[in-house]
Amino acid sequence: MGTIATKDGTQIYYKDWGTGQPIVFSHGWPLSADAWESQMFFLASHGYRCIAHDRRGHGRSSQPWHGNDMDTYADDLAELFEALDLKDAVTIGHSTGGGEVARFIGRHGTKRVSKAVLMGAVPPLMLKTEANPGGLPIEVFDGFRAAFLADRSQFFLDVASGPFFGFNRPGAKVSQGLIQSWWMQGMMAGHKNAYDCIKAFSETDFTEDLKKFDVPTLIIHGDDDQIVPIGASALLSAKLVKNSILKIYPGGTHSLGDTSKERLNADLLEFLKS
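Residues 1485 to 1758 (my numbering) make up the sequence shown, in order.
The structure is reproduced here in structure tokens:
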């Protein structure tokens, strides 16, 4: 475990497990590096160096008032790469973290990156616009913000108990432990940081970033993702990223790292070895 200080003085916490080719994980909103622990343990046990940071304002990183936007998130990730002198790395991003990975490659290129994975990722754009008619209306995200400000703790509990893991589906096997873990990670995030991040993940357009991908890229998405619907995300991203591989998990939720853990781990390992 360690921290780096970014150019603006923000302390970024990261985990660094195992040895071998580096794999760098970017987590979803409003979570932390802990969301990746199953994948990190599995891949570190198979000879890889697994690194996951807490995005600024999340987890154990500091909570700056400013800089809660995708450009800064991507620049923080670049600073982590430089501080640890990572080369030939694989970047893996889930949900908001997928946006972070896309903007990182868009802004900093792939000189330190050999492969990329986008899982349940927000690109190219979540928000419905004239150019993106399949996106979600702004009212959805305004609703997130209103619920967040009214009772953040209950809002997080509702998201984790319902759509995030698909626990609101008939016959779903509900894990109280997963719900509590998600809630705990969310409550560790800074109040303003998590609030600002709603705009960052929903309104940032990653179309041009995806066009700059020039490394082998695996795009994984569940077709029952209730948080980031597949039609306006993975299906479009797969057309924008040259020579990408698209894997769709039938019935898959937004949180494939938990609800489809064994399949995801196997798919990641296969992609890493390919």
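For every residue, glycine included, the Cβ atom is placed at its ideal position computed from N, Cα and C. Note that this is a predicted model, so its numbers are computed, not measured.
Three or more C-beta pairs closer than 8 Å, one from the region 1716–1728 and one from the region 1738–1753: is that the case here? no
By Cβ distance below 7 Å, which residues in the same chain neighbour Q1660 in space, the five residues on each side in sequence not counted? Indexing the sequence shown from 1 puts residue 1660 at position 176. Contacts found: none.
Cutoff 6 Å; reference K1571; Cβ partners in own chain excluding five residues on either side: Position 87 of the sequence shown holds residue 1571. Excluding positions up to five away in sequence, the list reads R1596.
Selection from A1562, C1534, D1689 that minimises the alpha carbon distance to I1496: Working through the sequence shown from its first residue, we reach residue 1496 at position 12. Checked all of A1562, C1534, D1689; the closest Cα to I1496 is A1562.
What residue from P1654, S1758, K1745, R1544 has the CA that sits closest to A1670's CA? Reading the sequence shown from its first residue, position 186 is the one you call residue 1670. The question names Ala, but residue 1670 is Gly in the sequence shown. Nearest option by C-alpha distance: R1544.
Let me know the secondary structure DSSP gives R1587 once reduced to three states. Position 103 of the sequence shown, counting from 1, holds the residue named residue 1587. In this structure, R1587 counts as helix in the three-state DSSP scheme.
Using a Cβ-Cβ cutoff of less than 6 Å, which residues in the same chain neighbour R1533 once the five nearest sequence positions on both sides are dropped? On the sequence shown, residue 1533 is found 49 positions in, with the first residue counted as 1. For R1533, where only same-chain residues beyond five positions count, the Cβ hits under 6 Å are G1502, T1503, G1504, P1506.
Whose C-alpha, out of K1676, G1715, I1535, is nearest the C-alpha of W1549? Stepping through the sequence shown from its first residue, residue 1549 is reached at position 65. Nearest C-alpha to W1549: K1676.
What is the rounded straight-line gap between the Cα of I1711 and the Cα of A1517? To locate residue 1711, count along the sequence shown from 1; it is residue 227. To locate residue 1517, count along the sequence shown from 1; it is residue 33. In a straight line, the C-alpha of I1711 is about 19 Å away from that of A1517.
With a threshold of 16 other CB atoms inside 10 Å of the CB of D1569, please say whether the residue is buried or exposed. To locate residue 1569, count along the sequence shown from 1; it is residue 85. It counts as exposed.
Determine contact between the region 1603–1612 and the region 1685–1694, defined as no fewer than three beta-carbon pairs at a distance below 8 Å. yes
Quick check: the region 1695–1702 against the region 1585–1595, are at least 3 beta-carbon pairs closer than 8 Å? yes
Alpha carbon to alpha carbon, what distance is there between D1642 and Q1614? Residue 1614 sits at position 130 when you count from the first residue of the sequence shown. Residue 1642 sits at position 158 when you count from the first residue of the sequence shown. Just to set this straight, residue 1614 is Glu in the shown sequence, not Gln. Near 31 Å, if we compare the C-alpha coordinates of D1642 and E1614.
Looking at the C-beta of N1677, does it have a partner C-beta in chain C at a distance below 8 Å? In the displayed structure, chain C is absent; only one protein chain is listed.
By the three-class DSSP mapping on this structure, what secondary structure does A1750 have? On the sequence shown, position 266 is the one that residue 1750 refers to. Here A1750 sits in helix by DSSP.
Assuming L1720 is part of the alpha helix (DSSP H), what are its boundary residues? Position 236 of the sequence shown, counted from the start, is the residue given in the question as residue 1720. Counting along the chain, the alpha helix (DSSP H) containing L1720 begins and ends at 1718–1724.
Could you tell me which of T1490, T1737, V1658, D1742 sits nearest to A1567, measuring between CA atoms? Taking the first residue of the sequence shown as position 1, residue 1567 is located at position 83. Of the candidates T1490, T1737, V1658, D1742, the one whose C-alpha sits nearest the C-alpha of A1567 is T1490.
Need the endpoints of the alpha helix (DSSP H) that S1686 sits in, please. By 1-based counting over the sequence shown, the position of residue 1686 is 202. Its alpha helix (DSSP H) spans residues 1675–1687.
Taking the alpha-carbon positions, what's the G1736 to K1657 distance? Here residue 1736 refers to the residue found at position 252 when the sequence shown is read from its first residue. Here residue 1657 refers to the residue found at position 173 when the sequence shown is read from its first residue. Distance between the alpha carbons of G1736 and K1657 is about 13 Å.
Could you pull the start and end residues of the alpha helix (DSSP H) that R1629 belongs to? In the sequence shown, residue 1629 corresponds to position 145, counting from 1. Per DSSP, R1629 belongs to the alpha helix (DSSP H) from 1622–1645.
Just to confirm the assignment, what range does the beta strand (DSSP E) spanning L1702 have? Taking the sequence shown and counting its residues from 1, one reaches residue 1702 at position 218. 1701–1706 is the extent of the beta strand (DSSP E) around L1702.
Excluding five sequence neighbours on each side, which residues of the same chain lie with their C-beta closer than 8 Å to the C-beta of D1707? Taking the first residue of the sequence shown as 1, we reach residue 1707 at position 223. Once the five neighbours on either side are set aside, the close Cβ partners of D1707 are I1714, I1732, Y1733, P1734, G1735, G1736.
Spatial neighbours of G1646 within its chain, please: C-beta separation below 7 Å, excluding the five flanking residues on both sides. Your numbering for residue 1646 matches position 162 in the sequence shown. Closer than 7 Å at the Cβ level, and outside the excluded window around G1646, lie N1652.
Whole-angstrom C-beta distance between V1508 and A1573, which should lie under 8 Å: If you number the sequence shown from 1, residue 1573 lands on position 89. If you number the sequence shown from 1, residue 1508 lands on position 24. With 8 Å as the limit, A1573 and V1508 qualify as a contact, their Cβ atoms being about 5 Å apart.
Would a C-beta distance cut-off of 8 Å place F1632 and Y1679 closer than the cut-off? As a position in the sequence shown, residue 1632 is number 148, starting the count at 1. As a position in the sequence shown, residue 1679 is number 195, starting the count at 1. Yes. Within cutoff.
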